[in-house]
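Residue numbers (this note's numbering), protein chains in the order written: chain Z, 1 to 432; chain X, 1001 to 1432.
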């Protein structure tokens, strides 16, 4: 089915907030075989909401509207919809009851949901609570009994989903309610869509484009996309076959071709990230890792610990930002530091060895470099980074010259360190 | 002036890429006093691009179009614009010359710009290079001589800016070319806009809403917005006066009121982040900080080192993910660990003291907790986090029970640790 997403909020059109919910919705809907022809973002005005909604209904099979369902005065979606579609707001007593149910008292985090804040320390006023229970006529509550806003209207046979702007609530309703509903309505003869995403680090987009060229345009049922997601490039394969069997066959054929071309540059697929791929490798082989970082300042360690259960293989790290710490904690000798400088291969090696001596692990990664904007020199410009990799048997260092601002150099260094370890674990070439 | 932003790309409508450039543009334009009435995102189809552009021209004073200017086959913007506005594509010889100029050879990072990849290892093919130099008739190159796409058309007296989808190129052209051009055209009598953003951590949005209520609706020239940006809430004050003087007066009055209400919960304003505010405080007082973290896995250290020049005050950190490391590196005693458990106040205190003993610093922060999803118990559920703060004279620990997923608990813990240090440095209450 063809759909449209409308996000509402002055916080979006004034650039105060990055609209990540539309992105999430588009990605989920695409994966479920629907096509999004447009995503729009408009401010908190009843008129604008009405116009956008009516236009979307003219050209789409379904519409998703996010935001503007909350209790504060600038939440106008319900009134706007009532006006635009001629469906006066109506009081929903069961919804009101759900809203008034006592909130748990265990959250001091400051997170706020659409039906009142989970913290419950500071309940909404009575008129605020009531506002939440007035919905356009015909509204079907998406999760009755749940403490979040969200409803559906079927207007001129087209479903319109009104979801909260609060990301976690919106995502939950989209996945649990919207997509199953659309699936159930989708014409069984509709084309099938299969998609796979190949995640590549270390090859520029244009080179990927070049090597993949011969696969493009061979078959109208195949679409290949290239999406730089700094510092990675994601390649997507979408197959639009007439039948499930045709899809399966085409998919298999192109999947093999792509893997033959991109080969070990693909570190993972679909939802995998470099850190989850590493996590699986380290777990399977019961290997443990330690980290010693300077210019990345803890980002390499943090990448490891983003994965649930990482304590199994990530032992710990040292952020030796200061030279004294490199000496005292990691045992980098004063001589090495003064002879080669803190940003050097010998120091990277000594840091990795030092981490391995300090922390019980099988592998150690180290990073020392100049993230900028200051600190560069003619021989070692900003972006000069040495990465060390130590095992119990050998230590190596690798020199990189990255481009970009401070954050980009930190991100590139971190990804490169993780990729080095992945390649080491898989016996792949460490340098291309 | 009233403007509209159109972002082009199948990678956006299929949810492969989060559209962050429209967000950046909206925020910059709002700050410069313009109003964005709509932001739309459409796929790579010439027809869709044409329709959106014409509709935007009907209702806006200016339009910004991003994406689709590159060398690959799915980059259709120029052809679509030529067709929609009746301006046939024309060859731009100077642009072609710029494009053909040798690329530097110093970048292995995989980043790709619109006029070919900076790395230059794998130059574009001749037809790809040529494609970049064919623009709609009347196009004015925004940065002649620069190796990036981007041009302007003035159509029916309305400027349309075509910017690359590559974020850093788009941002550069927006700030250096688009905003100055719009400023120069803006009617001097147009209303003035002043905006200030107050950044709050630790107060839920609904509570902020409640305490601020009396300031709302007092004056039509004032607008107050509340934007949760997990884990913070940003409060914006916008003043729309008739004259600069009126604006200044209103702004001052409301600014004082807001600061009186939100008080020390405001850690900073506008572009400040918690880490840049801390950086300024630590620098000014010549104080140095050390970190010992467990469940945040390096994120606290990384926050400090995101700031350029952080080596002045951030000495280093230990990521003691493993208990053995807490003992060996930080000197937490086996007794303390076994008596109270790794997630406890005494261990948080011992970690902070250990960091201070190990790393030459004036303050040490420590974090130990259960980020989840596993590892929780009845007494210490997921989200239980102890933060330690040590100076040369005293050590304290603070217990928090955060809600959320692993990432949210890590982020809340990190922000809370930084906020504790900010309050300590400013002599503010450490607990509300």
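We treat Cβ as the ideally placed atom computed from N, Cα and C, and that holds for glycine.
Predicted, not measured: the structure shown is a model, and the values here were computed from it.
Tell me the rounded alpha-carbon separation between residue 1281 (chain X) and residue 1288 (chain X).
Computed Cα separation, rounded: 10 Å.
Hey, could you find the ends of the alpha helix (DSSP H) residue 1300 (chain X) is sitting in?
Note, residue 1300 (chain X): alpha helix (DSSP H), 1299-1305.
Give the secondary structure of residue 83 (chain Z) by DSSP, where H, G and I count as helix, E and B as strand, and everything else as coil.
Three-state result, residue 83 (chain Z): helix.
First and last residue of the alpha helix (DSSP H) that includes residue 1093 (chain X)?
Where residue 1093 (chain X) is concerned, the enclosing alpha helix (DSSP H) stretches over 1093-1100.
Return the CA-CA distance between residue 379 (chain Z) and residue 409 (chain Z), expressed in angstroms with no decimal places.
Approximately 17 Å between the Cα atoms of the pair.
What residues from the stretch 314-326 of chain Z come within 8 Å of chain X, judged by C-beta to C-beta, listed N to C?
Cβ contacts with chain X: 314, 315, 316, 317, 318, 319, 320, 321, 322, 324 and 325.
Of all the CB atoms in chain X, is at least one closer than 8 Å to the CB of residue 502 (chain Z)?
Shown here, chain Z extends from 1 to 432; a query on residue 502 (chain Z) therefore has no answer.
Whole-angstrom Cβ separation of residue 1089 (chain X) and residue 1053 (chain X), contact assumed at under 8 Å?
That pair is no contact at about 15 Å.
Going by beta carbon distance, what residues of the same chain come within less than 6 Å of residue 1293 (chain X), once the five residues before and after it are set aside?
Cβ within range, chain order: 1300, 1319 and 1367.
Give a yes or no on whether 8 Å exceeds the smallest Cβ distance from residue 305 (chain Z) to chain X.
At least one chain X Cβ lies under 8 Å of residue 305 (chain Z).
When DSSP labels each residue in this structure, what does residue 1401 (chain X) get in the three-state scheme?
In the structure shown, residue 1401 (chain X) sits in a strand (DSSP, three-state: E or B).
Report, in whole angstroms, the separation of the C-beta atoms of residue 1386 (chain X) and residue 1348 (chain X), which I expect to be a contact under 8 Å.
Their Cβ separation, rounded to whole angstroms, is 4 Å, which keeps residue 1386 (chain X) and residue 1348 (chain X) in contact under 8 Å.
Consider the Cβ of residue 1423 (chain X): report whether some Cβ of chain Z lies at a distance smaller than 8 Å.
For residue 1423 (chain X), the answer is no, since every Cβ of chain Z falls outside 8 Å of its Cβ.
Pick from Z:427, Z:139 and Z:235: whose alpha carbon is nearest that of residue 94 (chain Z)?
Of Z:427, Z:139 and Z:235, the residue nearest in Cα terms is Z:139.
For residue 1296 (chain X), tell me which candidate among Z:274, Z:306, Z:253 and Z:251 has the shortest Cα-Cα distance.
Closest by alpha carbon: Z:306.
DSSP on residue 1296 (chain X), reduced to helix/strand/coil?
Three-state DSSP puts residue 1296 (chain X) in coil, outside helix and strand.
Would you check if the distance between the CB atom of residue 1365 (chain X) and the CB atom of residue 1291 (chain X) is smaller than 8 Å?
Taking 8 Å as the Cβ cut-off, residue 1365 (chain X) and residue 1291 (chain X) qualify as a contacting pair.
Quick one: which chain Z residues come within Cβ less than 9 Å of residue 1329 (chain X)?
Going along chain Z in sequence order, the residues near residue 1329 (chain X) (Cβ under 9 Å) are 316, 318, 329, 358 and 359.
Shorter than 8 Å from the beta carbon of residue 214 (chain Z) to some beta carbon of chain X?
No, because no Cβ of chain X sits closer than 8 Å to the Cβ of residue 214 (chain Z).
Mind reading off the beta-carbon distance from residue 423 (chain Z) to residue 412 (chain Z)? Whole number of angstroms is fine, and I expect it under 8 Å.
Their Cβ separation, rounded to whole angstroms, is 16 Å, which puts residue 423 (chain Z) and residue 412 (chain Z) out of contact at 8 Å.
Identify each residue in the stretch 366-396 of chain Z for which the Cβ-Cβ distance to at least one residue of chain X is less than 9 Å, and report them in chain order.
Of all residues in the stretch 366-396 of chain Z, 371, 372, 373, 374, 375, 381 and 383 have a Cβ within less than 9 Å of some Cβ in chain X.
Straight-line CA distance for residue 1264 (chain X) to residue 1383 (chain X)?
So the two alpha carbons sit approximately 25 Å from each other.
Touching or not, the stretch 335-352 of chain Z and the stretch 1334-1354 of chain X, by the rule of three or more beta carbon pairs under 8 Å?
These segments do not touch.
Is it buried or exposed, residue 164 (chain Z), if we count other Cβ atoms within 10 angstroms and call 16 or more buried?
Buried, since its Cβ has 16 or more Cβ neighbours within 10 Å.
So what does DSSP say about residue 254 (chain Z), is it helix, strand or coil?
Three-state DSSP puts residue 254 (chain Z) in a helix.
Can a CB atom of chain X be found closer than 8 Å to the CB of residue 39 (chain Z)?
Cβ-Cβ to chain X under 8 Å: yes for residue 39 (chain Z).
Which two residues bound the contiguous alpha helix (DSSP H) that contains residue 336 (chain Z)?
Element bounds for residue 336 (chain Z): 334-340.
Taking a cut of 7 Å between CB atoms, which residues from the stretch 130-155 of chain Z lie near chain X?
Result list empty, no residue passes.
Which residue or residues does DSSP assign as beta-bridge partners of residue 135 (chain Z)?
BP columns for residue 135 (chain Z) point to Z:90.
Could you name the residues that DSSP lists as bridge partners for residue 1041 (chain X)?
Answer is Z:39 and X:1007, bridged to residue 1041 (chain X).
Find out if the Cβ-Cβ distance for the pair residue 1040 (chain X), residue 39 (chain Z) is shorter than 8 Å.
In this structure, residue 39 (chain Z) lies closer than 8 Å to residue 1040 (chain X) by Cβ.
Taking only beta-carbon positions, decide if residue 1017 (chain X) is within less than 8 Å of chain Z.
Output row for residue 1017 (chain X): interface = yes.
Is there a Cβ from chain X that is less than 8 Å from the Cβ of residue 96 (chain Z)?
False, the Cβ-Cβ gap to chain X never drops below 8 Å.
Which residues in chain Z sit within 7 Å of residue 1229 (chain X), going by Cβ to Cβ distance?
Neighbours of residue 1229 (chain X) on chain Z, chain order: 17.
Pick helix, strand or coil for residue 64 (chain Z), following the three-state DSSP scheme.
Correct three-state label for residue 64 (chain Z): strand.
Tell me, please, whether the CB atom of residue 1059 (chain X) is closer than 8 Å to any CB atom in chain Z?
No, because no Cβ of chain Z sits closer than 8 Å to the Cβ of residue 1059 (chain X).
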